[in-house]
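Scroll down for the structure; my scribbles are underneath it.
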Amino acid sequence: MKSSNYILSLILFICCSCERNLDFIDTTVDTGHNITINALAIEGSPLGVYLNRALPIGKTPVVSFLPLEITNYKQTAVLDAQVEALVNGQESYLLTLASDSMGYWTDYKPKVGDHIKITATAGDQTLHAEATVPVKPSIEVLGHKITELGNGSFTDTLMTVTCRITDTGPGHHYYRLRVRSEREAYEHLTIGDEDGNELEHRTYVFYALNENFDSKDRIFHYNIERDTTSLYIIPLYSLSSYMPDYWPFSSTFDDTLFDGGEYTFSINVPKELQIEHHSWFNKDYFQSYSTQRDDIEHAYRINPRVMIELEALSPDFFMYLRSIEKNGGTLQTDAEPVKVHYNAHNGFGIFGAMSYCRQYVEF
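Each position in the sequence shown, counted from 1, maps to that position plus 24 in the working numbering.
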């Protein structure tokens, strides 16, 4: 009897000892450190920086979907900041607001090995973030095989590509494989008057793209297996006879499996189907609509092909991408959301850097 009372008293003591008052953070209050940076230094491309304000819960704006790019972005965009890039501690570049108010830009093009520090000041808040452009990666296409799948609403042809990666040297390196099936497509326009009479026909070229691919190779699963949070990101799926299994999958990986050496793997890429759009416009509306279209006689013409791009990523950009993947994987489960990685100081957001090697294979 005494032992039972002792055990009961011990349980009550443990339960009481775990109690504490948790401070509640009012998320409706502006903390003052709310500038968010979104920037990626790409080797060989002009440097651009996007700045937005992070808003407290309950004060986020109601956004519309049309036009998506401008309407949504400008509701939170910071358009009155002073933005500067300091390269290798020596050269300074002032980034100016673009004429379309979609970010700050400079003609400076990052080079491999450049260490870049971005400083952005808006009002009394100054944010800064840093990144170093990684060594250019190396990927070779060793061969490919075409498989005809028959009629399908998703694809009728599959390309299996064998590639070889060569690590960029000693130390830890981070990569992302980007694969895109692309081909030219056609938009046939009929121009008419207000009475419905046809006046002329024109054909324009646009480019049909998809970035679906899959692979059962270990390199796309190894990093995930070591994580405490599994990523259930669905890879390529199809309504045709090609139906891969669902498995944890990620196109970002490090060099653990081939540190300082080479690694060979295969991927499956669906061919983008031929697309043709037929539209009718009145003459007045057609003039503004056709301004940004590529006339078929002057368009850049491409055969159906696959782009294979290996990207070398800065460590912070790699961790940001992986945290985004993990966070997306928890949305369909009861798991706790994953904190998105950021490297901004006195604010939020990510400033990453990358270089890349790109190959094309025609169907």
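Idealized CB from N, CA, C, for every residue including glycine.
Nearest to N327 by alpha-carbon distance, out of Y313, V229, V362 and A105, is V229.
Going by beta carbons, F372 and T60 fall inside the 8 angstroms limit. Excluding residues up to 5 positions away in sequence, R242, I243, Y246 and Y287 lie with their Cβ nearer than 8 angstroms to the Cβ of L281 in the same chain. Residue ranges of uninterrupted alpha helix (DSSP H) with 4 or more members, entirely inside the region 90-154 and ordered along the chain, are 92-98. Just so you know, the alpha carbons of P161 and Y198 end up roughly 10 angstroms apart. Within the region 282-361, the complete alpha helix (DSSP H) runs of at least 4 residues fall at 307-313 and 339-354.
Scanning A377, Q383 and Y384 for the CA closest to the CA of G137 turns up A377. Rounded to the nearest whole angstrom, the C-alpha separation of A153 and L334 is 25 angstroms.
A65 is positioned such that its CB atom lies closer than 8 angstroms to that of P134. Apart from the 5 residues on each side of it in sequence, G167 sits with its Cβ closer than 7 angstroms to the Cβ of T186 in its chain, given in chain order.
Within the same chain, Cβ atoms closer than 7 angstroms to the Cβ of W304 are found at T214 and G216, the five residues on either side in sequence being excluded. Each residue's CA atom was taken as its position, placing N234 and G72 some 25 angstroms apart. Of the other Cβ atoms in all chains shown, fewer than 16 fall within 10 Å of the Cβ of E172; this residue is therefore exposed.
In the DSSP assignment, S274 is bridged to no other residue. Taking the Cα positions, I163 is about 11 angstroms away from A336. Taking 8 angstroms as the cut-off, the Cβ atoms of L345 and T179 do not count as close. Straight across, the Cα-Cα distance linking G113 with H57 is about 25 angstroms. Closest in C-alpha terms to A101, from the list R207, G82 and A122, comes A122. Annotation: the continuous beta strand (DSSP E) that includes L201 extends over Y198 to G216.
For H225, the pairing in a beta bridge is given by DSSP as T214. Judged by beta-carbon spacing, N292 lies beyond the 8 angstroms limit of L151, meaning their Cβ atoms are not closer than that value. Per the coordinates, the alpha-carbon of S69 lies some 16 angstroms from the alpha-carbon of T120.
Taking 8 angstroms as the cut-off, the beta carbon of G127 is found closer than this to the beta carbon of Y74. Counted as a single uninterrupted DSSP element, the stretch harbouring K160 is not any beta strand (DSSP E), since DSSP gives it neither H nor E. Measuring C-alpha to C-alpha distances from H212 to each of E300, D318 and G82 identifies E300 as the nearest.
Residues F305 of the same chain have their beta carbon placed closer than 7 angstroms to that of Y313, with the five preceding and five following residues left out of the count. Approximately 5 angstroms separates the beta-carbon atoms of A144 and A105; this is inside 8 angstroms, confirming the contact. Annotation for T190: S162 and E286 place their beta carbon closer than 7 angstroms to its own, counting only its chain and skipping 5 residues before and after. Beyond the five residues adjoining it in sequence on each side, L110 comes within less than 6 angstroms, by CB distance, of S116 and K141 in the same chain, given in chain order. For Y324, the closest of F341, Y210, K350 and N351 by C-alpha to C-alpha distance is Y210. Taking C-beta separations shorter than 6 angstroms and ignoring five residues to either side along the sequence, the partners of S239 in its chain run I291, following chain order. In this chain, the beta strand (DSSP E) harbouring T184 covers T181 to T190. If you ignore the 5 residues before and after D278, its C-beta comes within less than 6 angstroms of the C-beta of Y198, all in its own chain and listed in chain order. If you draw a 10 Å sphere on the C-beta of I170, you find fewer than 16 other C-beta atoms in it, and that means exposed. Rounded to the nearest angstrom, the Cβ distance from S347 to V364 is 5 angstroms, consistent with a contact under 8 angstroms.
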